[in-house]
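Number of protein chains: 2
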Amino acid sequence: MKVSSKGEYALRALLVLGQHDGQVLSISDIADKTLVTVRYLEQILLQLKKLGYVSSKRGAQGGYRLKLAPQEINIGEVIRRLEGPLSPMSCASVTAYEPCQLEAGCMLKPLWTLVRDTIAHVLEQTTLDDLLSGKLNVLDGGNLIVYKK
Amino acid sequence: MKVSSKGEYALRALLVLGQHDGQVLSISDIADKTLVTVRYLEQILLQLKKLGYVSSKRGAQGGYRLKLAPQEINIGEVIRRLEGPLSPMSCASVTAYEPCQLEAGCMLKPLWTLVRDTIAHVLEQTTLDDLLSGKLNVLDGGNLIVYKK
DNA sequence: TTCATTCTTGAGCAGATTAGTCGAGATTTG
DNA sequence: CAAATCTCGACTAATCTGCTCAAGAATGAA
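Residue numbers (this note's numbering), protein chains in the order written: chain A, 104 to 252; chain B, 104 to 252.
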């Protein structure tokens, strides 16, 4: 049930850019703050650019900046577009559904669907701004109700 | 965020065994009902045996049967022991925690922790018996509350 | 203009993981 | 004893992950 380092690094980069509102930061600046190699970040930022989350400026004093407001950057969407479906199994995927041969009598599908729904619910309700402002911390307090039998 | 086919197949096998309460089923019987190759199931069942979920009988008329009652088989535990930590990132893992270099100022850890907690909550509250008796279906009705901001 | 800076593009690659296959042996039943 | 069946360990092909690298294109400053 892992998130890849690419996803983690992309979010780190977006957070750093979000902390320097609008400013253009060079890849190596971002690399320093995220602890990711410059060479690898190049790739990731390019991808984030193609997805429309950041924009870039070439040449001296160039670099990257956030293209969208932090409130507009949905974490679930970032992860899905970078790493593929949130669902643990494709039979329960909303964006990449594929039937399996069992299907009809499958007793696991409700479970995978539930897992997908909870993951998607958490990630899709969270924006970059939520992370920047630490809004998630309240959850440590125990406001976690997942389901009733 | 995938579950591997090994995990899926192991649960399928446990479900089939659970549906034939106590009966000894041969690997090929189970293979027929789960749509998994005999050779691959061999490996998986052997692992489930070492983990104490099933027991086996060799020789003619031999096979596998459930060693624990379906109520005693915790799905989260099965997946964790078969595939490793439920957490999407090791910094948020309860069973395999590893610090990352950011740690202190990391704005992602609360997110990964929340994701881990919701996944763990769903999977660890579910038993094989729940799956066999379809208790998860009520969740389709919308009893899904993940968190309050 | 020229040069240093910085992004851009595409290729390449080593190691790990996944999803199996396979052969030979050990055990049990009939 | 023979057939059925689990057991064990090795092996493999394909894919994915997590990067590195080289060469080029654009921009700004001197």
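Using N, Cα and C, we set each Cβ at its ideal position, and we do this for glycine too.
Interface residues of chain A facing V106 of chain B [CB-CB closer than 9 Å]: The residue labelled residue 106 of chain B in the question sits at position 3 within the second sequence. Within 9 Å Cβ-Cβ: M104, P191, M192, W215, V218.
Would you call the CB atoms of D116 of chain B and L148 of chain B closer than 9 Å? In the second sequence, residue 116 of chain B corresponds to position 13, counting from 1. In the second sequence, residue 148 of chain B corresponds to position 45, counting from 1. Note on identity: in this sequence residue 116 of chain B is Ala, with Asp being the wrong assignment. Between A116 of chain B and L148 of chain B, the CB-CB gap stays under 9 Å.
When the cut-off is 9 Å and only beta carbons count, does L128 of chain A lie next to chain B? To locate residue 128 of chain A, count along the first sequence from 1; it is residue 25. Chain B places no beta carbon closer than 9 Å to that of L128 of chain A, leaving this residue out of the contacts.
Less than 9 Å between the C-beta atoms of L144 of chain A and A134 of chain A, yes or no? To locate residue 144 of chain A, count along the first sequence from 1; it is residue 41. To locate residue 134 of chain A, count along the first sequence from 1; it is residue 31. Against a cut-off of 9 Å, the Cβ pair of A134 of chain A and L144 of chain A comes out as a contact.
Assuming the contact rule is C-beta atoms closer than 8 Å, V106 of chain B and M192 of chain A should be a hit. Round their C-beta distance to whole Å, please. Within the second sequence, numbered from 1, the residue matching residue 106 of chain B stands at position 3. Within the first sequence, numbered from 1, the residue matching residue 192 of chain A stands at position 89. Confirmed, Cβ separation roughly 6 Å.
Under the assumption that L199 of chain B contacts R219 of chain B (Cβ atoms under 8 Å), give the Cβ distance between them as a whole number of angstroms. Position 96 of the second sequence, counted from the first residue, corresponds to residue 199 of chain B. Position 116 of the second sequence, counted from the first residue, corresponds to residue 219 of chain B. It is Ala, not Leu, that sits at residue 199 of chain B in the sequence shown. Distance from A199 of chain B to R219 of chain B at the Cβ level is roughly 11 Å; contact not present, criterion being Cβ atoms closer than 8 Å.
Quick check on this structure: which residue in B:K136, B:I182, B:S190, B:G125 has the alpha carbon closest to the alpha carbon of S158 of chain B? Locating residue 158 of chain B in the second sequence gives position 55, counting from the first residue. Of the residues B:K136, B:I182, B:S190, B:G125, the one whose Cα lies closest to the Cα of S158 of chain B is B:G125.
In chain order, what residues of the segment 193-209 of chain A put their CB closer than 7 Å to some CB of chain B? Cβ contacts with chain B come from Q204, L205.
Roughly how many whole angstroms lie between the Cα atoms of L128 of chain A and G121 of chain A? Looking up residue 128 of chain A in the first sequence gives position 25. Looking up residue 121 of chain A in the first sequence gives position 18. Roughly 11 Å separates the two Cα atoms.
L217 of chain B to V225 of chain A, Cα distance in whole Å? As a working mapping, residue 217 of chain B is identified with position 114 in the second sequence. As a working mapping, residue 225 of chain A is identified with position 122 in the first sequence. The C-alpha of L217 of chain B lies about 8 Å from the C-alpha of V225 of chain A.
Can you tell which of A:L151, A:K170, A:L169 has its C-alpha closest to the C-alpha of D184 of chain A? Working through the first sequence from its first residue, we reach residue 184 of chain A at position 81. Residue identity differs from the one stated: residue 184 of chain A is Arg in this sequence, not Asp. Sorting A:L151, A:K170, A:L169 by C-alpha distance to the C-alpha of R184 of chain A places A:L151 at the top.
Which residue wins for smallest C-alpha separation from R168 of chain B, given the options B:D132, B:S236, B:E206? Translated into positions along the second sequence, residue 168 of chain B becomes position 65. Checked all of B:D132, B:S236, B:E206; the closest Cα to R168 of chain B is B:D132.
Interface residues of the segment 106-126 of chain B facing chain A [CB-CB below 8 Å]: Under the 8 Å Cβ criterion, the segment 106-126 of chain B contributes V106, E111, L114, R115, L118.
Using a threshold of 9 Å, state whether the C-beta atoms of L114 of chain A and I182 of chain A are closer than that. Position 11 of the first sequence holds residue 114 of chain A. Position 79 of the first sequence holds residue 182 of chain A. For L114 of chain A and I182 of chain A, yes; Cβs fall inside 9 Å.
DSSP three-state label for Y167 of chain A, please. Here residue 167 of chain A refers to the residue found at position 64 of the first sequence. Three-state DSSP puts Y167 of chain A in a strand.
Return helix, strand or coil for K160 of chain B, following the three-state DSSP convention. As a working mapping, residue 160 of chain B is identified with position 57 in the second sequence. In the displayed model, K160 of chain B falls within a strand according to three-state DSSP.
Step through the CB atoms of chain A and report whether any lies within less than 9 Å of the CB of G237 of chain B. As a working note, residue 237 of chain B is residue 134 in the second sequence. For G237 of chain B, the answer is yes, since a Cβ of chain A falls inside 9 Å of its Cβ.
Excluding five sequence neighbours on each side, which residues of the same chain lie with their C-beta closer than 6 Å to the C-beta of V139 of chain B? The residue labelled residue 139 of chain B in the question sits at position 36 within the second sequence. If we look at V139 of chain B and ignore the five residues flanking it on each side, its Cβ neighbours are Y112.
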